[in-house]
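Undergrad:
There are 2 protein chains.
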Amino acid sequence: MDQGQGALTQLRAYLAQHDLPSNSRLPPERELCDILGVSRGELRKALAVMESNGELWRHVGKGTFIGARPTKEYSDVAAIAALTNPREVMQARLLIEPQIAREAALNATAGDIAELKQCMIASRQAQTWRQYENSDNRLHRAVAEAAHNTVLLALFDTLNAVRRAVVWGRLRDKVDRPPADHHSFVEHEALVRAIEERDMDGASQAMLRHLSHVEGNLLAPRAAAE
Amino acid sequence: MDQGQGALTQLRAYLAQHDLPSNSRLPPERELCDILGVSRGELRKALAVMESNGELWRHVGKGTFIGARPTKEYSDVAAIAALTNPREVMQARLLIEPQIAREAALNATAGDIAELKQCMIASRQAQTWRQYENSDNRLHRAVAEAAHNTVLLALFDTLNAVRRAVVWGRLRDKVDRPPADHHSFVEHEALVRAIEERDMDGASQAMLRHLSHVEGNLLAPRAAAE
DNA sequence: ACCCTAACCAATTCTTGATTGGTTGCGCAA
DNA sequence: TTGCGCAACCAATCAAGAATTGGTTAGGGT
Numbered sequence: 001m002d003q004g005q006g007a008l009t010q011l012r013a014y015l016a017q018h019d020l021p022s023n024s025r026l027p028p029e030r031e032l033c034d035i036l037g038v039s040r041g042e043l044r045k046a047l048a049v050m051e052s053n054g055e056l057w058r059h060v061g062k063g064t065f066i067g068a069r070p071t072k073e074y075s076d077v078a079a080i081a082a083l084t085n086p087r088e089v090m091q092a093r094l095l096i097e098p099q100i101a102r103e104a105a106l107n108a109t110a111g112d113i114a115e116l117k118q119c120m121i122a123s124r125q126a127q128t129w130r131q132y133e134n135s136d137n138r139l140h141r142a143v144a145e146a147a148h149n150t151v152l153l154a155l156f157d158t159l160n161a162v163r164r165a166v167v168w169g170r171l172r173d174k175v176d177r178p179p180a181d182h183h184s185f186v187e188h189e190a191l192v193r194a195i196e197e198r199d200m201d202g203a204s205q206a207m208l209r210h211l212s213h214v215e216g217n218l219l220a221p222r223a224a225a226e
Numbered sequence: 227m228d229q230g231q232g233a234l235t236q237l238r239a240y241l242a243q244h245d246l247p248s249n250s251r252l253p254p255e256r257e258l259c260d261i262l263g264v265s266r267g268e269l270r271k272a273l274a275v276m277e278s279n280g281e282l283w284r285h286v287g288k289g290t291f292i293g294a295r296p297t298k299e300y301s302d303v304a305a306i307a308a309l310t311n312p313r314e315v316m317q318a319r320l321l322i323e324p325q326i327a328r329e330a331a332l333n334a335t336a337g338d339i340a341e342l343k344q345c346m347i348a349s350r351q352a353q354t355w356r357q358y359e360n361s362d363n364r365l366h367r368a369v370a371e372a373a374h375n376t377v378l379l380a381l382f383d384t385l386n387a388v389r390r391a392v393v394w395g396r397l398r399d400k401v402d403r404p405p406a407d408h409h410s411f412v413e414h415e416a417l418v419r420a421i422e423e424r425d426m427d428g429a430s431q432a433m434l435r436h437l438s439h440v441e442g443n444l445l446a447p448r449a450a451a452e
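If you're matching them up, the sequences are chains A and B in order.
Going by the working numbering, the first sequence opens with residue 1, and the numbers climb by one from there.
Going by the working numbering, the second sequence opens with residue 227, and the numbers climb by one from there.
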């Protein structure tokens, strides 16, 4: 009667005896067969049971490991940038940044709001498109800081890094400066005002409108100057 | 007089002739010497000029490449986890994941929905809390995959990695299994149904409700069984 | 002084063979 | 027939050494 579950029992006994910590690798199947005195087929059945239980995980060429399978963690900006495109990045911004703005409206301090206004002034005074983009970036990051959530800020930074990596080739060659009636100025103003007034929905919508216009310019760069 | 700038001129001519796209690698210095008929020292001077101009970048062992040097930023999950706390992580989930669910409702394929249902079944059949949590994680990630946006998926993975790192010590020791009337089951069902019916608002709200309950359990783990 | 050449250094990539989980086919026994 | 053991093979992975490549230095010549 023990024959059917023998392999699993022996395997469990072996694991209990050695008390292996999580993420540690156990001997290859062929060795384990000799150690436990079981055929490979039986051993693999036992391993399959434990794997389906989440007690261990296996991978070809690597081996068999104790614990839960590690999830493939993308934090590498370059890796993400290589797999995506400007449309996906813009879409992610449209979904994430309004939520961050909403949170900023709730948590911004007086100091944060002062910083936001500073960024707004700087973007208005920009002499070149490059300077304007720097100010715009600073403002968006100031909003993320105003949310006062370390995780959200880190996610924003990641998204921002991906954006810069993806849109890298799209540097503006224009030598002229942003026009005084550039749409971003009023949008920035509405955004900062909403945050200052603790208007969460307003901040979210203002950010959404602003990014929608940016998206429009991205897809039709010729129409940027209007 | 041409002698001083000869190498740079020839190099520029070579680049213009071949019209290499950005991020493409050009021949190793030793070959380029023969091609252009210039000594390595002169060639390296020319390359140094162009590199300082940001027209190309070099790296030992890799080669010389056209365009700007790729940014090497990565958000270190461990670093974020060290600076944050479970409350911030939960808050970030409440803001981000509903948006991902909304996008999933729009973009999910039939295959994605089948996978979601598979995850739902697995979570219902879980024999232990550990198995349940594995299934729950799989379902949340399946939703992120169904959004079909590489950037959103990467952000979700980052957030998820931070979450696991932060609540690492909080593993359930309970030996009993999740009750059949666990709140998550009906919430999962509502979420998947909304995605299947392309109900973006519904999917977003279902995810929000689900996470709110999870948050409740996190803050008051004793009341989890109700 | 300046430059060319050659050699060397360290970081990276390429190549090759071994390892490992996953699979298939054959033979044997109940 | 069904199931098990055995062996071989497959593809993914790893590991170690050779080859490549940008960066540097020393010697010789003009």
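Backbone N, C-alpha and C fix where the C-beta goes; we use that ideal spot for every residue, glycine too.
Contact between the stretch 153 to 160 of chain A and the stretch 132 to 144 of chain A is defined here as three or more beta-carbon pairs at a separation below 8 Å; is this criterion met?
TA: yes
Undergrad: Once DSSP output is grouped into helix, strand and coil, what is the label at methionine 227 of chain B?
TA: Taking the second sequence and counting its residues from 1, one reaches residue 227 of chain B at position 1. The predicted model places methionine 227 of chain B with a pLDDT of 39, which falls under 50 and marks its position as unreliable; any figure quoted below should be read in that light. Residue state, collapsed to three classes: coil.
Undergrad: For alanine 450 of chain B and asparagine 443 of chain B, what's the separation of their Cα atoms in angstroms?
TA: Stepping through the second sequence from its first residue, residue 450 of chain B is reached at position 224. Stepping through the second sequence from its first residue, residue 443 of chain B is reached at position 217. A caution first: alanine 450 of chain B carries a pLDDT of 41, below 50, which makes its placement in the model unreliable, though a value can still be read off. Answer to the nearest angstrom: the Cα atoms are 5 Å apart.
Undergrad: Within the continuous alpha helix (DSSP H) that includes glycine 289 of chain B, where are the two ends?
TA: Along the second sequence, one-based indexing puts residue 289 of chain B at 63. That residue, glycine 289 of chain B, is in no alpha helix (DSSP H); its beta strand (DSSP E) goes 289 to 292.
Undergrad: Residues in the same chain with beta-carbon distance under 6 Å from arginine 69 of chain A, minus the five sequence neighbours each way, listed in chain order, please.
TA: The residue given as residue 69 of chain A occupies position 69 in the first sequence. Once the five neighbours on either side are set aside, the close Cβ partners of arginine 69 of chain A are Trp57.
Undergrad: At a CB-CB cut-off below 7 Å, which residues of chain A make contact with arginine 356 of chain B?
TA: Reading the second sequence from its first residue, position 130 is the one you call residue 356 of chain B. Near arginine 356 of chain B (Cβ distances below 7 Å), the residues of chain A are Gly54.
Undergrad: Using the Cα positions of arginine 389 of chain B and arginine 163 of chain A, report the straight-line distance between them to the nearest angstrom.
TA: Here residue 389 of chain B corresponds to residue number 163 of the second sequence, with the count starting at 1. Here residue 163 of chain A corresponds to residue number 163 of the first sequence, with the count starting at 1. Take the alpha-carbon of arginine 389 of chain B and the one of arginine 163 of chain A: they are about 24 Å apart.
Undergrad: If isoleucine 421 of chain B and alanine 330 of chain B are in contact, beta carbons under 8 Å, what's the gap, nearest whole angstrom?
TA: As a first step, residue 421 of chain B is located in the second sequence; it is residue number 195 there, counting from the start. As a first step, residue 330 of chain B is located in the second sequence; it is residue number 104 there, counting from the start. The beta-carbon distance between isoleucine 421 of chain B and alanine 330 of chain B, rounded to whole angstroms, is 5 Å. This is short enough to meet the 8 Å contact definition.
Undergrad: Excluding five sequence neighbours on each side, which residues of the same chain lie with their C-beta closer than 6 Å to the C-beta of leucine 252 of chain B?
TA: What you label residue 252 of chain B is simply residue 26 of the second sequence in a count that begins at 1. Taken in chain order, the residues that qualify are Thr290.
Undergrad: Check whether the stretch 38 to 53 of chain A touches the stretch 113 to 131 of chain A, taking contact to mean three or more Cβ pairs, one atom from each stretch, closer than 8 Å.
TA: no
Undergrad: So, does the CB of glutamate 323 of chain B fall closer than 8 Å to a CB anywhere in chain A?
TA: Here residue 323 of chain B corresponds to residue number 97 of the second sequence, with the count starting at 1. By this cut-off, glutamate 323 of chain B is not an interface position.
Undergrad: Do we get a CB-CB distance below 8 Å when we pair asparagine 443 of chain B with the residues of chain A?
TA: For the purposes of this step, residue 443 of chain B is taken as residue 217 along the second sequence, with counting starting at 1. No, its Cβ sits nowhere closer than 8 Å to a Cβ of chain A.
Undergrad: Measuring straight from C-alpha to C-alpha, what distance separates alanine 334 of chain B and methionine 90 of chain A?
TA: Within the second sequence, residue 334 of chain B is the residue found at index 108, counting from 1. Within the first sequence, residue 90 of chain A is the residue found at index 90, counting from 1. If you take the alpha carbons of alanine 334 of chain B and methionine 90 of chain A, they lie about 19 Å apart.
Undergrad: If glycine 67 of chain A and asparagine 360 of chain B are in contact, beta carbons under 8 Å, what's the gap, nearest whole angstrom?
TA: The residue labelled residue 67 of chain A in the question sits at position 67 within the first sequence. The residue labelled residue 360 of chain B in the question sits at position 134 within the second sequence. Between asparagine 360 of chain B and glycine 67 of chain A the Cβ distance is about 11 Å, and since that is not below 8 Å, they are no contact.
Undergrad: Could you tell me which of A:Ser204, A:Ala7, A:His59, A:Ala79 sits nearest to alanine 190 of chain A, measuring between CA atoms?
TA: Against the first sequence, residue 190 of chain A aligns to sequence position 190. Per the Cα distances, A:Ser204.
Undergrad: Under the rule that 16 or more other beta-carbon atoms within 10 Å means buried, what is proline 405 of chain B, buried or exposed?
TA: Position 179 of the second sequence holds residue 405 of chain B. Proline 405 of chain B is exposed by the Cβ-count criterion.
Undergrad: For a contact meaning CB atoms closer than 8 Å, what does alanine 370 of chain B contact in chain A?
TA: Position 144 of the second sequence, counted from the first residue, corresponds to residue 370 of chain B. Chain A residues near alanine 370 of chain B: none, gap ~11 Å exceeds 8 Å.
Undergrad: Since glutamate 329 of chain B meets chain A, which of its residues come closer than 8 Å, beta carbon to beta carbon?
TA: For the purposes of this step, residue 329 of chain B is taken as the residue at position 103 of the second sequence. By Cβ distance, chain A contributes Gln91, Leu95.
Undergrad: Since methionine 200 of chain A contacts leucine 83 of chain A with CB under 8 Å, what's their CB separation in whole angstroms?
TA: Position 200 of the first sequence, counted from the start, is the residue given in the question as residue 200 of chain A. Position 83 of the first sequence, counted from the start, is the residue given in the question as residue 83 of chain A. Between leucine 83 of chain A and methionine 200 of chain A the Cβ distance is about 33 Å, and since that is not below 8 Å, they are no contact.
Undergrad: For a contact defined as C-beta to C-beta under 8 Å, what are the partners of glycine 214 of chain A on chain B?
TA: As a position in the first sequence, residue 214 of chain A is number 214, starting the count at 1. One point to set straight first is that residue 214 of chain A is valine, not glycine, in the sequence displayed. Correct list: empty, because the minimum Cβ distance to chain B is about 16 Å.
Undergrad: Is the CB of glutamate 226 of chain A under 8 Å away from at least one CB in chain B?
TA: Locating residue 226 of chain A in the first sequence gives position 226, where the first residue counts as 1. Residue confidence for glutamate 226 of chain A is low, a pLDDT of 36 falling below 50, so the modelled location carries little weight and cannot support an answer.
Undergrad: Where does histidine 59 of chain A fall in DSSP's three states?
TA: Position 59 of the first sequence, counting from 1, holds the residue named residue 59 of chain A. Note: histidine 59 of chain A maps to strand in three-state DSSP.
Undergrad: Considering only C-alpha positions, which residue in the set A:Val151, A:Leu211, A:Tyr132 is nearest to arginine 177 of chain A?
TA: If you number the first sequence from 1, residue 177 of chain A lands on position 177. Of the candidates A:Val151, A:Leu211, A:Tyr132, the one whose C-alpha sits nearest the C-alpha of arginine 177 of chain A is A:Tyr132.
Undergrad: Tell me which residues share the same chain as serine 438 of chain B and place their Cβ nearer than 8 Å to its Cβ, disregarding the 5 neighbours each side in the sequence.
TA: On the second sequence, residue 438 of chain B is found 212 positions in, with the first residue counted as 1. Its chain contains Leu320 as the residues whose beta carbon lies nearer than 8 Å to that of serine 438 of chain B, once the 5 sequence neighbours on both sides are disregarded; these appear in chain order.
Undergrad: Just tell me which of B:Ile339, B:Met433, B:Glu268, B:Ser248 has its CA closest to the CA of histidine 409 of chain B.
TA: Position 183 of the second sequence, counted from the first residue, corresponds to residue 409 of chain B. Among B:Ile339, B:Met433, B:Glu268, B:Ser248, the Cα nearest to that of histidine 409 of chain B is on B:Met433.
Undergrad: As an exercise, report each continuous alpha helix (DSSP H) stretch of at least 4 residues that is fully enclosed by the stretch 317 to 375 of chain B, in chain order.
TA: 336 to 350, 355 to 372
Undergrad: Anything in the stretch 152 to 167 of chain A with a Cβ closer than 8 Å to a Cβ of chain B? List those residues in chain order, please.
TA: Leu152, Ala154, Leu155, Asp157, Thr158, Leu159, Ala161, Val162, Arg164, Ala165
Undergrad: Within 8 Å of any Cβ in chain B, is that where the Cβ of asparagine 229 of chain A sits?
TA: Any answer about residue 229 of chain A is impossible in this case: the structure gives chain A only from 1 up to 226.
Undergrad: Rounded to a whole number of angstroms, what is the C-alpha to C-alpha distance between alanine 336 of chain B and leucine 379 of chain B?
TA: Position 110 of the second sequence, counted from the first residue, corresponds to residue 336 of chain B. Position 153 of the second sequence, counted from the first residue, corresponds to residue 379 of chain B. Those two C-alpha atoms are separated by around 19 Å.
Undergrad: Going by beta carbon distance, what residues of the same chain come within less than 6 Å of arginine 198 of chain A, once the five residues before and after it are set aside?
TA: Here residue 198 of chain A refers to the residue found at position 198 of the first sequence. Ala105, listed in sequence order.
Undergrad: DSSP on arginine 177 of chain A, reduced to helix/strand/coil?
TA: The residue given as residue 177 of chain A occupies position 177 in the first sequence. If DSSP states are grouped into helix, strand and coil, arginine 177 of chain A belongs with coil.
Undergrad: I'd like to know if arginine 448 of chain B contacts chain A, where contact means its C-beta is closer than 8 Å to some C-beta of that chain.
TA: Here residue 448 of chain B refers to the residue found at position 222 of the second sequence. In this prediction, arginine 448 of chain B scores a pLDDT of 48, lower than 50, which makes its location untrustworthy; no coordinate-derived value is stated.
Undergrad: Indicate whether isoleucine 96 of chain A and threonine 376 of chain B have their beta-carbon atoms separated by less than 8 Å.
TA: Against the first sequence, residue 96 of chain A aligns to sequence position 96. Against the second sequence, residue 376 of chain B aligns to sequence position 150. Not closer than 8 Å, so no.
Undergrad: Quick one: what's got a C-beta closer than 8 Å to arginine 266 of chain B's C-beta in the same chain, skipping five residues either side?
TA: For the purposes of this step, residue 266 of chain B is taken as residue 40 along the second sequence, with counting starting at 1. For arginine 266 of chain B, where only same-chain residues beyond five positions count, the Cβ hits under 8 Å are Glu255, Arg256, Cys259.
Undergrad: Mind checking if threonine 376 of chain B is an interface residue toward chain A, Cβ cutoff 8 Å exclusive?
TA: Counting from 1 along the second sequence, the entry for residue 376 of chain B is found at position 150. Yes, threonine 376 of chain B lies at the interface with chain A (some Cβ there is under 8 Å from its Cβ).
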